[in-house]
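In terms of our numbering, the sequence shown opens at residue 1256 and continues consecutively.
Note that CB positions come from ideal geometry on N, CA and C, so glycine has one too.
Report on the structure given below.
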Amino acid sequence: MVEKQRGKRRLTQKQETFTQNLFKGMSQREAYIEAGYSPKSSMATIDNHACQLANSGKVVARWEELKKKVEDASIATVKERKQILTEIARGNLLDYQETCP
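Structural data, given as structure tokens:
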């Protein structure tokens, strides 16, 4: 069942799991089967369905959302940057220079 959230269609649980699996680095085939889609079809059919799903608008949008979250988490916040700059400004210059033995 596809749920609506603020006017947008959300992914089904299988689609979300498929997208998460792709994001973790699984192949489309592996992600498709691990998400709970039937592994009983031929590999060609599974590959075709997995490719179609991977290129669907909702899955691509969710992939981009996950990518942005990872990128955002790796960037220092304004507060973190201010703390680092304050430590540098208040620190001893020798703390930031290499000295010869």
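query                                                                                                           : result
Every unbroken alpha helix (DSSP H) within the stretch 1259-1315, with a cutoff of 4 residues, ordered by chain : 1268-1278, 1283-1289, 1298-1309
CA-to-CA distance, E1342 to L1349, given in whole angstroms                                                     : 13 Å
Same chain, Cβ closer than 6 Å to L1277, five either side skipped, listed in chain order                        : A1286
Nearest-angstrom Cα separation, counted from V1314 out to S1296                                                 : 22 Å
C-beta contact flag for A1309 and Q1275 at 9 Å                                                                  : no
I1339 in three-state terms, based on DSSP                                                                       : helix
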